[in-house]
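Engineer: Submitted below is the structure of interest, expressed as structure tokens.
In the numbering used here, the protein residues as written are 35 to 205.
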């Protein structure tokens, strides 16, 4: 049930709207909402959508245009920290070799650090705490088995800690 809610058209529109505010500093237009929400409902992973936004010219204008500034904004959003000087050099070299920001942002989200940051922020929202080592171990196992980040996020809503905080009233 939680995954169906997270994957619903309404949730897709809310997630698109929030990402536009956070990444671009503006409200998404009706066209933007419809376009991206349709893709999310159609199966596009949310992380792919966010990578596209971070790879946009608008994102580069807002945070760049220099590669190190764009890298800093992407790292801050995806892993919750700025890039090291070595990471900035690698990022800049990759862009000069023909990579694009969309691909690099998607790659960063697929790293263990990127996935744990995504899940950790949702755990904080849903359960009110940071993940423990055991939580990370379970997530790594589930991801290696093919689970998606959204599936793991949805699982938090059926976690014992969540259900204890918000018990269902059958009356």
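Backbone N, C-alpha and C fix where the C-beta goes; we use that ideal spot for every residue, glycine too.
From residue 134 to residue 89, what distance separates their C-alpha atoms?
Structural biologist: Counting from one through the chain shown, the residue named residue 134 turns up at place 100. Counting from one through the chain shown, the residue named residue 89 turns up at place 55. Rounded to the nearest angstrom, the two C-alpha atoms are 7 Å apart.
Engineer: Classify residue 57 as buried or exposed, calling it buried when 16 or more other Cβ atoms lie within 10 Å of its own Cβ.
Structural biologist: Within the chain shown, residue 57 is the residue found at index 23, counting from 1. Label assigned to residue 57: buried.
Engineer: Would you call the stretch 123-130 and the stretch 57-68 in contact, with 3 or more CB pairs under 8 Å?
Structural biologist: no
Engineer: Which class does residue 81 belong to by DSSP, given the choice of helix, strand or coil?
Structural biologist: Taking the first residue of the chain shown as 1, we reach residue 81 at position 47. Helix.
Engineer: Whole angstroms are fine: how far does the CA of residue 166 sit from the CA of residue 38?
Structural biologist: What you label residue 38 is simply residue 4 of the chain shown in a count that begins at 1. What you label residue 166 is simply residue 132 of the chain shown in a count that begins at 1. Residue 38 and residue 166: Cα-Cα distance of roughly 27 Å.
Engineer: Mapping DSSP to helix, strand and coil, what is residue 157?
Structural biologist: For the purposes of this step, residue 157 is taken as residue 123 along the chain shown, with counting starting at 1. Looking at residue 157 - three-state DSSP - the assignment turns out to be helix.
Engineer: Determine the direct distance from the alpha carbon of residue 49 to that of residue 163, and round the result to whole angstroms.
Structural biologist: Start at 1 with the first residue of the chain shown, and residue 163 comes out as number 129. Start at 1 with the first residue of the chain shown, and residue 49 comes out as number 15. Their backbone Cα atoms lie some 22 Å apart in a straight line.
Engineer: For the putative contact between residue 61 and residue 51, defined by C-beta atoms under 8 Å, what is the C-beta separation to the nearest angstrom?
Structural biologist: Your numbering for residue 61 matches position 27 in the chain shown. Your numbering for residue 51 matches position 17 in the chain shown. Rounded, the Cβ-Cβ distance is 7 Å, consistent with contact.
Engineer: If you follow the alpha helix (DSSP H) that residue 130 is in, where does it begin and where does it stop?
Structural biologist: As a working mapping, residue 130 is identified with position 96 in the chain shown. Under the DSSP assignment, residue 130 falls in the alpha helix (DSSP H) whose first and last residues are 119-130.
Engineer: Measure the alpha-carbon distance for residue 41 versus residue 187 and round it to whole angstroms.
Structural biologist: Working through the chain shown from its first residue, we reach residue 41 at position 7. Working through the chain shown from its first residue, we reach residue 187 at position 153. Each residue's alpha carbon lies about 11 Å from the other.
Engineer: So with Cβ pairs under 9 Å, would you call residue 101 a contact of chain D?
Structural biologist: Among the protein chains of the structure shown there is no chain D, as only one such chain exists.
Engineer: Do the CB positions of residue 143 and residue 81 come within less than 9 Å of each other?
Structural biologist: Counting from one through the chain shown, the residue named residue 143 turns up at place 109. Counting from one through the chain shown, the residue named residue 81 turns up at place 47. In this structure, residue 143 lies near residue 81, with their beta-carbon atoms less than 9 Å apart.
Engineer: Nearest-angstrom Cα distance between residue 201 and residue 145?
Structural biologist: Taking the chain shown and counting its residues from 1, one reaches residue 201 at position 167. Taking the chain shown and counting its residues from 1, one reaches residue 145 at position 111. When rounded, the distance between both Cα atoms is 35 Å.
Engineer: Could you tell me if residue 153 is buried or exposed, where buried requires 16 or more neighbouring beta carbons within 10 angstroms of its beta carbon?
Structural biologist: Your numbering for residue 153 matches position 119 in the chain shown. Burial call: buried.
Engineer: Mark residue 199 as exposed unless 16 or more other C-beta atoms lie within 10 angstroms of its C-beta, in which case mark it buried.
Structural biologist: What you label residue 199 is simply residue 165 of the chain shown in a count that begins at 1. Burial is judged here by how many other beta carbons sit within 10 angstroms of a residue's own beta carbon; residue 199 has fewer than 16 and is exposed.
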